[in-house]
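Q:
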Amino acid sequence: MSTPEARTSPARGARLSVLKTYKLYVGGTFPRSESGRVYEVTDAKGQWLANAPRASRKDARDAVVAARKAFGGWSGATAYNRGQILYRVAEMLEGRREQFAAEVAAAEGLSKAKAQARTDAAIDRWVWYAGWSDKVAQVVGGGNPVAGPFFNLSTPEPTGVVAVLAPQNASLLGLVSVLAPVIVTGNTAVVVAAQDAPLPALSLAEVLATSDLPGGVVNVLSGGTAELARPLAAHQDVNAIDLAGADPEPATELERAAADNLKRVLRPAPEGVDWAAEPGLERMTAFLETKTVWHPIGA
Amino acid sequence: MNDQQSGSTTSTLFGYAPAPESRSVVDIAPSYGLFIDGEFREAAGGKVFTTRSPADEEVLSEVAYGQADDVDAAVRAARAAFETWSALPGTERAKYLFRIARIVQERSRELAVLETLDNGKPIRETRDADLPLVAAHFFYYAGWADKLSYAGCGPDPRPLGVAAQVVPWNFPLLMLAWKIAPALAAGNTVVLKPAETTPLSALFFADICRQAGLPKGVVNIVTGDGATGAALVGHPDVHKVAFTGSTAVGKEIARTVAGTDKRLTLELGGKGANIVFEDAPLDQAVEGIVGGIFFNQGQVCCAGSRLLVQESVHDEVLDALKRRLRTLRVGDPLDKNTDVGAINSAEQLARITELAEAGEAEGAERWSPPCELPERGHWFAPTVFTGVGQAHRIAQEEIFGPVLSVLTFRTPEEAVAKANNTPYGLSAGIWTEKGSRILKLANQLRAGVVWANTFNKFDPTSPFGGYKESGYGREGGRHGLEAYLEHA
């Protein structure tokens, strides 16, 4: 396990642990960055944890291609199916909760108990969103009583490929809180992990890969948030961007770039977000379109 | 226009005599000021511009040209009014909106004539579509004003503040209603900029606000051009921007508000596909095709400007379509028998002309019914292009005029792929008798509004807005309120 202790040399006679090479997650596979670059990830005290892949703009583009390819199948899956898969993610996470607690503790400099609590909250968040898959359409859609002989129904639909800049200050709970609402409704995602604390995100990819989630629905990149955010914000085949993990100044630039193909933009909250609080619908509805279908009523 | 244009025996036998609506129901003043803080006033810079009837280029009135100082004064007035307006009980705001709806109904004949004069669209449309929908919109949102806690924005939703609203010239008063009604119901105050070529109905609406006793500053109207709109959108004390217009300007606005806390909704261009299957009720489909592209001279963002017809019925549909187009009456917008009126401006006419020429140059085949156009004013004959390829400009770019591009398909999959193959995603039409096919296609089309076996239907309860580069946010229905409320 990748705790700081595990990464130091063992005491005499103790077992030498097996370190993990952290990789990106793109299109259901685990590539290194095509650039061959890595960067050092340290714990809160500055101790080396791992060499994480430093994804390039080419990796970002590959991730968008994978996400686009996965969109038809994922958005076309039944809501029940998507809900089951999100719940499966929770099940798989539960089985590895100690590993994730250790990674979160190392990444965020938290006590064991606090890290455990945040990990548990992240698991519970998957469960919460899993349940929304087949309910959100009833809450935000519905029939419209038009003044004429017409059937008229409004339904939410996923907007497409969503680029997600994960929060920098909550490596797992924040990540899950921005990722789950994007995919539960049928969007596919390219996620940029917290720059200095990417390991929980990269490990989460291993969970996603074993949760029946089709490859490409979630793609996880680690590296420089600014470096990866720019090509994603400007990408013509990305439909929306969540700027949760962007600093204010680059966020403005990214929003401007996103206007080129009128991406839906979720701005970072200036006052920060309490990731432990119940999320509400906003992170789902921000990436939903409303489609309204008319048909005449008559014999 | 008249009998000889159709050339058919039937219309010679049953010809139409002119049936013009009387202009005397509307009294247009020689000049209008800006409507700020409940009063009409000259622009600070003293500049004016004229608005003309596109049907004959007659000057209708002179209108104040608002600039940054005027925009600032209007936003200040709206900001000052916001405190009391937003604090008013919802039931009181509702009653103001109900009053406005009623006065619109009372004055709808006058407003219909005014709109037809300033815009050039047929009186039959302003009378039967625009004005009834304007009143219905205010009626609908009036009822929301005291029910906001049921709107899905939390138990105690808050208005955003001053809404900057910029509306287009194709449905001047209807777009005003789409913007102002939900904004006021939610407790916001408004600065609205009407389009440069169609400012008059918004100024008449200012008078309706006065008749309704609406508190000063709640609605402000600043007339002008693109620069006026840019000043309004960029004003720092605006907290909500709503724009209907071109995708290019929409993108510019999105860049302007980047990094601010302004909420933005955009209702932009489209290149709607009207998909006709071989099993469709073809006579009804032809009516839908005609209404889809020639309603309001095709100057409609959700127009069905691309006809996708199944190969097996291509010739049959085209024959019927051409037969039908020969009976369209193009001419005097005030004539109650007119089907197709004037193009709104010389600038728009030039754009339509340019794109139609590009269609010919790229190899599509152009056809128009025999059609005598008036000598004065801006006119464009209903036009159909066949043999259009997906890469042609007339298949990709919004023409915003009475020009239909016809493409063919063989399978439903091909129809969907072609329909979705533009940067836009506002509207689509499906014509088939097969219910399961309608529902499947409706799911697959990336468009905000899908009309099945009908087209161009609108209702205040029904959310309207686009996917992709057709913009974001919805207008109409409960969804339309969300754009003007802060979750709380």
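Those protein sequence lines, which keep their order, are chains C and H. The numbering used here puts the last residue of the first sequence at 311; the count rises by one with no breaks. The numbering used here puts the last residue of the second sequence at 1036; the count rises by one with no breaks. Just so it is clear, CB atoms sit at the ideal spot from N, CA and C, and this is done for glycine as well.
Taking only the alpha-carbon atoms, compute the straight-line gap between Arg44/C and Gln96/C and give it to the nearest angstrom.
A: Position 32 of the first sequence, counted from the first residue, corresponds to residue 44/C. Position 84 of the first sequence, counted from the first residue, corresponds to residue 96/C. C-alpha separation (whole angstroms): 30 Å.
Q: Within the same chain, show all residues whose beta-carbon is closer than 8 Å to that of Trp927/H, passing over the 5 residues directly before and after it, in chain order.
A: Translated into positions along the second sequence, residue 927/H becomes position 379. For Trp927/H, where only same-chain residues beyond five positions count, the Cβ hits under 8 Å are Val878, Ala890, Ile891, Leu897 and Leu921.
Q: With 16 as the cutoff for other CB atoms within 10 Å, does Tyr1020/H come out buried or exposed?
A: In the second sequence, residue 1020/H corresponds to position 472, counting from 1. That one is buried.
Q: Would DSSP call Pro262/C helix, strand or coil?
A: For this step, residue 262/C is matched to residue 250 along the first sequence. DSSP places Pro262/C in helix when its eight states are reduced to three.
Q: Does DSSP put Asp618/H in a helix, a strand or coil?
A: Position 70 of the second sequence, counted from the first residue, corresponds to residue 618/H. Asp618/H: helix per DSSP, three-state reduction.
Q: Can you tell me the Cα-Cα spacing of Gly782/H and Arg958/H, whole angstroms?
A: Residue mapping note: residue 782/H aligns to position 234 of the second sequence, counting from 1. Residue mapping note: residue 958/H aligns to position 410 of the second sequence, counting from 1. Whole-angstrom Cα-Cα distance: 48 Å.
Q: Should Val573/H go down as buried or exposed, given a rule of 16 or more other Cβ atoms within 10 Å for buried?
A: Position 25 of the second sequence, counting from 1, holds the residue named residue 573/H. Under this definition Val573/H is an exposed residue.
Q: Would you report the Cα separation of Asn991/H and Thr302/C, rounded to the nearest angstrom?
A: Mapped onto the second sequence, residue 991/H falls at position 443. Mapped onto the first sequence, residue 302/C falls at position 290. Asn991/H and Thr302/C: Cα-Cα distance of roughly 12 Å.
Q: Taking only runs that begin and end inside the stretch 176-246 of chain C, name each unbroken beta strand (DSSP E) of 3 or more residues, in chain order.
A: 200-204 and 230-233
Q: In terms of DSSP beta bridges, what is Lys669/H paired with?
A: Residue numbering aside, residue 669/H sits at position 121 when the second sequence is read from its first letter. Paired residue(s): none; Lys669/H is not in a bridge.
Q: Where Ala252/C and Arg276/C are concerned, what is the direct C-alpha to C-alpha distance, given to the nearest angstrom?
A: Taking the first sequence and counting its residues from 1, one reaches residue 252/C at position 240. Taking the first sequence and counting its residues from 1, one reaches residue 276/C at position 264. Using only the alpha carbons, I get a separation of about 4 Å.
Q: Please report the Cβ distance between Trp979/H and Asn1004/H, rounded to the nearest whole angstrom; I am assuming they are in contact, meaning their Cβ atoms lie under 8 Å.
A: Indexing the second sequence from 1 puts residue 979/H at position 431. Indexing the second sequence from 1 puts residue 1004/H at position 456. With 8 Å as the limit, Trp979/H and Asn1004/H do not qualify as a contact, their Cβ atoms being about 13 Å apart.
Q: DSSP three-state call for Leu987/H: helix, strand or coil?
A: As a position in the second sequence, residue 987/H is number 439, starting the count at 1. Three-state result, Leu987/H: helix.
Q: On the criterion of 16 or more Cβ atoms from any shown chain inside 10 Å, does Ala281/C qualify as buried, or is it exposed?
A: Numbered from 1 along the first sequence, position 269 holds the residue referred to as residue 281/C. Its Cβ having fewer than 16 others within 10 Å, Ala281/C is exposed.
Q: Measure from the C-beta of Ile986/H to each C-beta in chain C and report whether the shortest distance is under 8 Å.
A: Locating residue 986/H in the second sequence gives position 438, where the first residue counts as 1. So yes, Ile986/H belongs to the interface.
Q: To be precise: take each residue of the stretch 299-310 of chain C, compare its Cβ to all Cβ atoms of chain H, and keep it if any distance is under 7 Å. Which residues remain?
A: Glu301, Thr302, Lys303, Thr304, Val305, Trp306, His307 and Pro308
Q: If you measure between the beta carbons of Leu255/C and Leu177/C, is that distance less than 8 Å?
A: Within the first sequence, numbered from 1, the residue matching residue 255/C stands at position 243. Within the first sequence, numbered from 1, the residue matching residue 177/C stands at position 165. Yes, the Cβ-Cβ distance between Leu255/C and Leu177/C is below 8 Å.
Q: Output the boundary residues of the alpha helix (DSSP H) element that contains Lys819/H.
A: To locate residue 819/H, count along the second sequence from 1; it is residue 271. Per DSSP, Lys819/H lies in no alpha helix (DSSP H) segment and is marked neither H nor E.
Q: Output the boundary residues of the alpha helix (DSSP H) element that contains Pro720/H.
A: Walking along the second sequence from the start, residue 720/H turns up at place 172. Note, Pro720/H: alpha helix (DSSP H), Pro720 to Ala733.
Q: Taking a contact to mean a Cβ-Cβ separation below 8 Å, would you say Val619/H touches Val738/H in this structure?
A: If you number the second sequence from 1, residue 619/H lands on position 71. If you number the second sequence from 1, residue 738/H lands on position 190. Not in contact: Val619/H and Val738/H (Cβ atoms no closer than 8 Å).
Q: Residues bridged to Arg914/H by DSSP?
A: Here residue 914/H refers to the residue found at position 366 of the second sequence. According to DSSP, Arg914/H bridges with Phe933/H.
Q: Check each residue of the stretch 900-927 of chain H: if its Cβ is closer than 7 Å to any Cβ of chain D, include it; give the result in chain order.
A: No chain D is present in this structure, whose protein chains are C and H.
Q: In its own chain, which residues sit with a C-beta less than 7 Å from the C-beta of Thr813/H, not counting the 5 before and 5 after it?
A: For this step, residue 813/H is matched to residue 265 along the second sequence. Excluding positions up to five away in sequence, the list reads Ala790, Tyr1020, Gly1021 and Ala1031.
Q: Trp1062/H touches chain C at which residues, Cβ-Cβ below 7 Å?
A: Missing from the structure shown is residue 1062/H; chain H here goes from 549 to 1036 and no further.
Q: If we count the other Cβ atoms within 10 Å of its Cβ and call it buried at 16 or more, is Leu721/H buried or exposed?
A: Along the second sequence, read from residue 1 onward, the residue named residue 721/H stands at position 173. The residue is buried, with at least 16 neighbouring Cβ atoms inside 10 Å.
Q: By the 8 Å beta-carbon criterion, what residues does the stretch 94-112 of chain C contribute toward chain H?
A: Cβ contacts with chain H: none found.
Q: Return helix, strand or coil for His9/C, following the three-state DSSP convention.
A: There is simply no residue 9/C to check, as chain C begins at 13 and stops at 311 in what is shown.
Q: Between which residues of its own chain and Val50/C is the CB-CB distance below 7 Å, once the five residues before and five after are set aside?
A: As a first step, residue 50/C must be located in the first sequence, where it is residue number 38. Cβ neighbours of Val50/C beyond the five flanking positions: Asn63, Ala64, Pro65 and Arg66.
Q: Can a CB atom of chain C be found closer than 8 Å to the CB of Phe1012/H?
A: Taking the first residue of the second sequence as position 1, residue 1012/H is located at position 464. At least one chain C Cβ lies under 8 Å of Phe1012/H.
Q: With DSSP collapsed to three states, give me the class of Asp254/C.
A: By one-based count along the first sequence, residue 254/C stands at place 242. Reduced to three states, the DSSP call for Asp254/C is strand.
Q: Counting only beta-carbon separations shorter than 8 Å, does Asn550/H have a partner in chain C?
A: The count along the second sequence starts at 1 and reaches residue 550/H at position 2. No answer about Asn550/H holds up, because its pLDDT of 43 lies below 50 and its placement is not dependable.
Q: Leaving aside the five residues before and after Met296/C along the sequence, list all residues of the same chain whose C-beta is less than 6 Å from its C-beta, in chain order.
A: Residue numbering aside, residue 296/C sits at position 284 when the first sequence is read from its first letter. Val148, Pro193 and Thr197.
Q: What whole-angstrom Cβ distance do Cys757/H and Ile671/H have, given they're in contact under 8 Å?
A: Residue 757/H sits at position 209 when you count from the first residue of the second sequence. Residue 671/H sits at position 123 when you count from the first residue of the second sequence. With 8 Å as the limit, Cys757/H and Ile671/H do not qualify as a contact, their Cβ atoms being about 25 Å apart.
Q: Evaluate Arg27/C with the Cβ neighbour count: other Cβ atoms within 10 Å of its Cβ, from every protein chain shown; 16 or more gives buried, anything less gives exposed.
A: Numbered from 1 along the first sequence, position 15 holds the residue referred to as residue 27/C. Exposed, because fewer than 16 other Cβ atoms sit within 10 Å of the Cβ of Arg27/C.
Q: Alpha carbons only, please: which of Leu185/C, Ala175/C, Thr237/C and Gly284/C is nearest the one belonging to Val76/C?
A: On the first sequence, position 64 is the one that residue 76/C refers to. Selected option, being the one with the closest Cα: Ala175/C.
Q: Are Thr776/H and Val715/H closer than 8 Å when you measure CB to CB?
A: In the second sequence, the residue the question calls residue 776/H occupies position 228. In the second sequence, the residue the question calls residue 715/H occupies position 167. No, these two residues do not count as a Cβ contact at 8 Å.
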